[in-house]
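With the first letter of the sequence shown counted as 1, position 229 gets the number 229 in full-length UniProt numbering; the numbers rise by one all the way through. So the structure is just underneath, and the comments pick up after that.
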Amino acid sequence: MTADFTPDRPALRSWLPGFVALAAIWGSSFLFIKLGVAELHPLHLTLYRVAAGALTLLVVLALLRDRLPRDLRVWGHLTVIGAFGVAMPFTLFGYGEQRIESLLAGIWNATTPLVVLPLAVLVFRTERLNVRGAVGLALGFAGVLVVLGVWQGVGGAHFVGQLMCFGAAACYGLAIPYQKKFVAGSTLSGLSLSAAQLVVASVQLAIVAPLVAGAPPAPTSLSPRVLAAVLVLGAIGTGLAFVINLRNIRIVGATSAATVTYLIPVFAMLIGALVLGERITWHQPVGALIVLLGVAVSQGRIGRRPRPRMAVVDPPAQLAAGLPPATATPR
Numbered sequence: 001m002t003a004d005f006t007p008d009r010p011a012l013r014s015w016l017p018g019f020v021a022l023a024a025i026w027g028s029s030f031l032f033i034k035l036g037v038a039e040l041h042p043l044h045l046t047l048y049r050v051a052a053g054a055l056t057l058l059v060v061l062a063l064l065r066d067r068l069p070r071d072l073r074v075w076g077h078l079t080v081i082g083a084f085g086v087a088m089p090f091t092l093f094g095y096g097e098q099r100i101e102s103l104l105a106g107i108w109n110a111t112t113p114l115v116v117l118p119l120a121v122l123v124f125r126t127e128r129l130n131v132r133g134a135v136g137l138a139l140g141f142a143g144v145l146v147v148l149g150v151w152q153g154v155g156g157a158h159f160v161g162q163l164m165c166f167g168a169a170a171c172y173g174l175a176i177p178y179q180k181k182f183v184a185g186s187t188l189s190g191l192s193l194s195a196a197q198l199v200v201a202s203v204q205l206a207i208v209a210p211l212v213a214g215a216p217p218a219p220t221s222l223s224p225r226v227l228a229a230v231l232v233l234g235a236i237g238t239g240l241a242f243v244i245n246l247r248n249i250r251i252v253g254a255t256s257a258a259t260v261t262y263l264i265p266v267f268a269m270l271i272g273a274l275v276l277g278e279r280i281t282w283h284q285p286v287g288a289l290i291v292l293l294g295v296a297v298s299q300g301r302i303g304r305r306p307r308p309r310m311a312v313v314d315p316p317a318q319l320a321a322g323l324p325p326a327t328a329t330p331r
């Protein structure tokens, strides 16, 4: 476990570059998903990116002389987390981005904490719902309605794509409290658990993808742009980002490091607009701000400071960028 405090206030230059780089890496993941599904079936894209991420973390694991879990019970729990925290949401984002803009997918990723809290309270009983949490949830779901633009009517492929991305966030919402309840107390490192989750998800996808989408194309048959997108999603979005995130946690603490969640939709919108020329309507960023406000209120970042409690270190967006939740840390 990593204590959510540091002995001295760290210098801004020691952590800010890594903090911004992390937000940019995870925010750009939605761009690379959009590029990938232009040629690949969403299941094939997910298979390739997860396999690339697993190989990256296995190399890092070997270099650090760490090891994968050996307890079969832990592997059983990781099978569930690999499915709901990696394989299913990554695939749903791919399906969603066949129908909607990448920047909108980045906004939907930010709704994950709105699903985490009620599941943690009602199903896993790892949290308690108080007035602050209820107000935050109400604000967040009001923001969801604004993002959807429900006053314009619902339906069509664009609406379905948004629901798919919200479904991906809901998968994370299930995986995070499950992780916290059944795996977070493990003495294994976050790197070990994350690598194992990606290995399990790779096996799951290698079985399911050929059954649903046929045999995946050979990597050599992909265009350089798509091949680069897959490698960036797996190697950089998982391997490099994991190292940066651990460094940020070590320097500024888990709670401060997790605030990168609030920057990721900003980068997703900017990158989608500047690189792909995607257009956004006024109610989508407004809804995103309301969602983030609700998340901040429910997590106690606005108003009264919450009491120290056990909480998942990794921001939900870390999952979408290619990294499952790893550890639980007092905050």
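Note that CB positions come from ideal geometry on N, CA and C, so glycine has one too. These numbers come from a predicted model, not from an experiment.
Under 8 Å between C-beta atoms of Leu43 and Ala213: yes
Given Arg301 as reference, the closest of His41, Arg65, Val135, Leu92 once Cα atoms are compared: Val135
Coarse secondary structure for Thr111, derived from DSSP in three states: Looking at Thr111 - three-state DSSP - the assignment turns out to be coil, as it is neither helix nor strand.
Pairwise C-alpha distance: Thr112 and Ala138: 14 Å
For Gln299, the first and last residue of its enclosing alpha helix (DSSP H): No alpha helix (DSSP H) holds Gln299; DSSP gives it neither H nor E.
Thr220 versus Ile271 - alpha carbon distance: 27 Å
Alpha carbon of Leu211 to alpha carbon of Tyr262, nearest angstrom: In a straight line, the C-alpha of Leu211 is about 37 Å away from that of Tyr262.
Simplified DSSP assignment, three categories, for Ala317: In this prediction, Ala317 has a pLDDT of 39, which is less than 50 and means its spatial position is unreliable; what the coordinates show is noted afterwards. DSSP, read as helix, strand or coil, puts Ala317 in helix.
The segment 44-57 contacting the segment 227-234, beta-carbon criterion three pairs below 8 Å: Yes, they touch.
Backbone CA spacing between Val144 and Gly294 [nearest angstrom]: 10 Å
Completely contained alpha helix (DSSP H) runs for the segment 111-156, where each covers 4 or more residues: 112-122, 131-148
Beta-carbon proximity check, Ala105 vs Gly96, cutoff 8 Å: yes
Buried/exposed call for Thr91, threshold 16 Cβ in 10 Å: So Thr91 ends up on the buried side.
Residue closest to Leu227, alpha-carbon to alpha-carbon, out of Ser189, Ile264, Leu45: Leu45
Span separating the alpha-carbon of Val123 from that of Gln299: 19 Å
Gly253 in three-state terms, based on DSSP: coil
Supposed contact pair Ala54 and Ala195 - C-beta distance, whole angstroms, cut 8 Å: 7 Å
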